[in-house]
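For the protein sequence lines, the chains are A and B, in the order given.
Quick note: the first sequence, position 388, residue 388 per my numbering, numbers continuous.
Quick note: the second sequence, position 405, residue 1405 per my numbering, numbers continuous.
The beta carbon of each residue, even a glycine, is placed where N, CA and C say it ideally should be.
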Amino acid sequence: MFKIRTLIWLPIVLLTACTGEPVPSRSPQEVARAWAELTLDLSHHTPANSPTYASRALGYIGLTMYESIVPGHPSHRSVAEALQGLGPLPGVDPGQTYDWVLALNAGQAEILRAVYLQAADSSKQKVDKLESEVLAQYSASQPDTAVVARSVAFGKAVAKAIAAWAETDGGHRGYLRNFDKTFAREVFPGSWKPPLYAQSVSHNPLHPFWGKNRTFLLANAEIPVPRMIPFDSTPGSAYYKQYLKVYETEQALTLDQKEIAIWWGDDPGETFTPPGHSYYLATTVLKKINPDLIIWAETYARLGMAVADAFIKCWAWKYHYFSERPNTFIPQYIDPSWESFWPDPPFPAFPSGHAIQAAASAGVLTELFGEPFALTDSAHVGRPPDGLREVEFKARSFNSFWEIAEETARSRHFGGIHTEQDNEAGLEAGKVIASHINQLPWRAGSTAFIPNP
Amino acid sequence: MRPISIALTLAFCLLGSVLHAQQPDSTNKGFADITEAAGIQHQFQVYEGMFGGGICVFDLNNDGFEDLYLTGGMNEDQLYLNQGNGTFRNVFEGSGLEITRRFVTQGVAGADVNRDGWVDLFITTITAKDSGRIIPRARNLFFLNDGDGTFTDATEAFGLIPLYSFSTGPSFGDFNADGWPDLYVGNYFQEYMGELTSINDATIVGANQTAKSYLLLNEGGKAFRDVYTDYGMKHRGFGFGGLFTDFDNDGDLDLLVHHDFGYKATPSLLYRNDHPRERFTEVGKEFDMDLKINAMAAANGDINHDGMLDYFITNIRFNRFMVSQGPGKPYREELKERGMTFVTISWGANFADFDHDGELELFVANGDLNPNCTPMADFYFDQNPDGSFTDRAHLVGLNDYGIGRGTVVFDLENDGDLDILTINQAPVMPGYPVASTTRLFRNDLADGNWLQIVLKGKQSDLHGLGARIKVVAGGKTFLREIDGGGSTHMSQNSSIAHIGLGEAEIVDSLVITWVGGHEQVLLGQPVNTRLNVEESPHEERPVWPWILVGALGGLLAAGFAWKRAQKRRSDR
């Protein structure tokens, strides 16, 4: 039986091995999309990735995509000189022809290798494979090999310049310091404590110094610290009420709320992380309207930098307050046996990282694509149901980007890991960050140039 | 199909020293902390907030008094010789075990690996103290007991050198039933063998992912071979080791595997041993044992006398009490209905009949996750007539607030009842309210009848590790399984079976199921004694087909040789 089956399959297998699987023919937009999807594949599958590190990667990868093609698109301008300490990027030779898809392709491969140094070999092979596929396809239709070489060299040069700049931002190789042992944890009323029901193996908090990293925009670095209600364990106090609300919500959690909590969990060990989810939604939007290549790149650049700055600011404030999670306050002051629906992330609470990055994302997407905007999020469709909580992953539909941001924020409240003030502060700050990103001189004739000091 | 020999047993029954049960003492019914008086001075020191440690109860010198090995983590390990008078002497120095000083030790288990009559020690490590490695890993340590109070490091000789791992709980169990004790070793993070020069960012971040554990087959007492994949194991998890146990009463050792972070990585697993096929089949889901918790360890015991083992699995916050519902049926979680829902962080746990009332109690060691240092008392769950449990730790003097980890039960003075040793970690944060040091609690509580059984394997493992003893007395059935390590956190309990009999004056029957399925029955045994039972001879698996094949083959070969010889002769 076995032998017969082998004989039947053998020629098929051999044939496939000889011809290889068919290389997809990709439109320029499909090339951009393929790189965005591969970026999220690396976000998901690179060991020891974190929302912080993933957000940083998206910032540099998105910016590189934009800067590697912007000279070929008169409607748009480079934003490099408006970013903190980047300065002008390598230029193009005005008299020469470039293939911008080849430049994009070379630049994405280069920057992915640079920011995901720690990726597994299997991931690195995927980068090589996509790079060579696109190179093969687009150089086949380009009779002049000098154009191919020039375009590839330009894309690489842009990526290298951005990667070199990235090395000095404080987050370079940050995955080696995820749970920095040099951080001395303070203990005071209301301070963060290592969780018992935890997402992470370490008892040290994630990236305690991430807030000191250089932001893309100076304007974002200068956003003042949001105000937080001071600790007060007295029942009825404003602080107490924040936690009581989490407790009461959890006690009456509906199936819909559970589905929301699970959907936006985006655990870095199992998914492409929360900022990856935003990058994914950008692709969903772009697929729907399929604009010119430069709009694809601009969208990824705006979104990547917005979520990257959002996480830097969020982490600065998280470690400024070093505030406790509901899992610390509620068992001590409300119900000793209480446990959150979703396990605790390994870092302080205020403000919510989910909320701030979701608002930053909504801010740039609304500016680019307007509102209302009907959108279905299928990010986790097909995942097996969450076995522990017996909740399924069901696609979610929205009518605007702000609806998405608000649901992302609320999901952390439903999960029992954030108070409403954590979410509100996150949403507010995210909006501000997005507005700064939107004010960059993206378009020809833009006036809102934010000068470098 | 199982060979059963009912007779032939009395001849091998030797009556141990008959010891008196504890005198009932209404003024002091509890446990006495005799740590200092007994000469125990120990505290486990964690490495970067990590895990440990463990205790192995074993008889170092075969004098009938059980001795102790304690891991120290960043502190020195200890080897305590039981002096027979309720005190211990640390004989670590000069024992040949000093090389453990170079490692961050974790768990420990003992078995007579080379069947020379002396119990050997397997000690897990997570890294070397002085390595300064970027990826902290080290080999585990295996020592052969030389029988004169010293040990020989046999790590390399047994082929364990290439396994540079971050290991936690070891347990012995003869899963292929050949009489040579095999091992399962839990690994928490991935092993890393490479040299420093080959480290790059990818290897560093890859190393802190979930790990495969080790299933080490004992090859004739000469070497261990990792047969993990050969036996069908595929899992990677944050491993805390496993427990060899015959959950389905079919005479071979199955394996219950504990994993940390089961709710986001790999849950607890239950591997059914398909012996004599060389394979384990994972049936966790089928039996509702795929617990998505931070499983630290499992204690086993038949709490309701139904002849099926039940498992108490320790966890962060709420433990799990998995009670058998009968053969082939999924386990039922009964923590709540048995009155044991206390929020804590539990590690080692031991079922035993401490008070000799004929029902099992449960001791549970609790302790915060260093450097978190919230004190939490240990539990002593006393079983009520309705099968529920009440924590009476504070009433019996067991509410120790140290940062508890591995715990064991054994009979310190050979007085018939079980005493408790529980390891405590040094608090990382200053200002801990009690001295969090290892504690020895003498049982002054027991007042009923009892029986101890020492198994002496002949074809089976020499100490009967994994064997089961079913006792019928006073109208009740009792079931015990000899712990090969893992029936508590990273530790190994006494290999002497202990049964509290209440008022029963005689043991009606005693059925021993040796690993592999051979059953041996003793009838009408006395109480309040230590019974030595030697494995009765029984037939091996039939060998005659192989003899036949061999003989036929031999004949053919001989014939062939003869023909050739003839040919040569005629060629000449």
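* What in chain B is Cβ-close to K212(A), meaning under 8 Å? -> Near K212(A) there are no residues of chain B at all, since even the closest Cβ is about 21 Å away, more than 8 Å.
* Taking only beta-carbon atoms, is P385(A) less than 8 Å away from chain B? -> no
* Taking the alpha-carbon positions, what's the P235(A) to Y321(A) distance? -> 21 Å
* Going straight from the alpha carbon of I330(A) to that of L244(A), what length do you get? -> 8 Å
* Could you tell me the distance, in whole angstroms, from the CA atom of N1592(B) to the CA atom of I1123(B)? => Only positions 1001 to 1572 of chain B appear in this structure, which leaves residue 1592(B) out of reach.
* Asked: If you drop the 5 nearest sequence neighbours on each side, which residues of the same chain put their C-beta closer than 7 Å to that of D1370(B)?
  -> First, the amino acid is wrong: residue 1370(B) is Asn here, not Asp. These residues qualify, in order along the chain: V1046, G1049, I1403, Q1425, P1427, V1428.
* **Under 7 Å from the C-beta of S337(A): neighbouring residues of chain B** => V1343
* Taking V1185(B) and N1140(B) to be in contact with their CB atoms under 8 Å, please state how far apart those CB atoms are, rounded to whole angstroms. => 7 Å
* To do: Pull up the CB-CB distance for G1262(B) and A1295(B), whole angstroms please, since I reckon it's below 8 Å.
  => 6 Å
* Asked: First and last residue of the alpha helix (DSSP H) that includes E420(A)?
  -> 420-438
* To do: Could you tell me whether any Cβ in chain B is nearer than 8 Å to the Cβ of Y175(A)?
  => yes
* Asked: If you compare alpha carbons, which of G1117(B), R1101(B), E1503(B) is closest to F1058(B)?
  -> G1117(B)
* Helix, strand or coil at L281(A) according to DSSP, with G and I counted as helix -> helix
* Asked: If you draw a straight line from the alpha carbon of Y1575(B) to that of Y1401(B), how long is it in whole angstroms?
  -> The first residue shown for chain B is 1001 and the last is 1572, placing residue 1575(B) beyond what the model contains.
* Asked: In or out: D93(A) buried (at least 16 other Cβ within 10 Å) or exposed?
  -> exposed
* **Three-state secondary structure (DSSP) of C1056(B)** => strand
* Cβ neighbours of A36(A) in the same chain (closer than 7 Å, five flanking residues each side left out) -> Y279, T283, Y300
* Since G269(A) meets chain B, which of its residues come closer than 8 Å, beta carbon to beta carbon? -> K1264, A1265
* Asked: Leaving out five residues before and five after N1399(B) in sequence, what residues of the same chain have Cβ atoms less than 7 Å from its Cβ?
  -> A1377, D1378, A1393
* To do: Out of L83(A), L196(A), A54(A), state which residue places its alpha-carbon closest to the alpha-carbon of R1317(B).
  => L196(A)
* To do: Determine whether the Cβ of K1292(B) lies closer than 8 Å to any Cβ atom of chain A.
  => yes
* Over the uninterrupted beta strand (DSSP E) stretch that includes I1420(B), give me the two end residues. => 1419-1425
* Is it true that the CB of T1245(B) sits closer than 8 Å to the CB of D1254(B)? -> yes
* Does DSSP put K1129(B) in a helix, in a strand, or in coil? -> coil
* Asked: When Cβ atoms are compared, which residues of the segment 1201-1214 of chain B fall closer than 8 Å to chain C?
  -> No chain C appears in this structure, whose protein chains are A and B.
* Who are the Cβ neighbours of I260(A) in its own chain at under 7 Å, not counting the five residues just before and after it? -> E407, R410, S411, F414
* To do: Measure the C-alpha to C-alpha separation of A434(A) and G363(A) and round it to an integer number of angstroms.
  => 5 Å
* Asked: So G370(A) packs on C314(A), CB below 8 Å; how close in whole Å?
  -> Between C314(A) and G370(A) the Cβ distance is about 27 Å, and since that is not below 8 Å, they are no contact.
* Asked: From the beta carbon of L1369(B), is the nearest beta carbon of chain A less than 8 Å away?
  -> yes
* To do: Give the C-beta separation of D309(A) and L217(A) to the nearest angstrom, bearing in mind that I take them to be a contact with Cβ-Cβ under 8 Å.
  => 6 Å
* Asked: Which two residues bound the contiguous beta strand (DSSP E) that contains H950(B)?
  -> Within the shown structure, residues of chain B are numbered from 1001 to 1572, placing residue 950(B) beyond reach of any answer.
* Asked: Hey, how far is the Cα of E133(A) from the Cα of V31(A)?
  -> 10 Å
* Asked: By the 10 Å Cβ neighbour count, where 16 or more other Cβ atoms means buried, how is R1277(B) classified, buried or exposed?
  -> exposed
* V201(A) at chain B interface by Cβ criterion, 8 Å -> yes
* In the DSSP assignment, find the beta strand (DSSP E) that holds S1171(B) and state where it starts and stops. => 1166-1173
* Apply the 10 Å Cβ neighbour rule to F1560(B) and answer buried if 16 or more other Cβ atoms are within range, or exposed otherwise. => exposed
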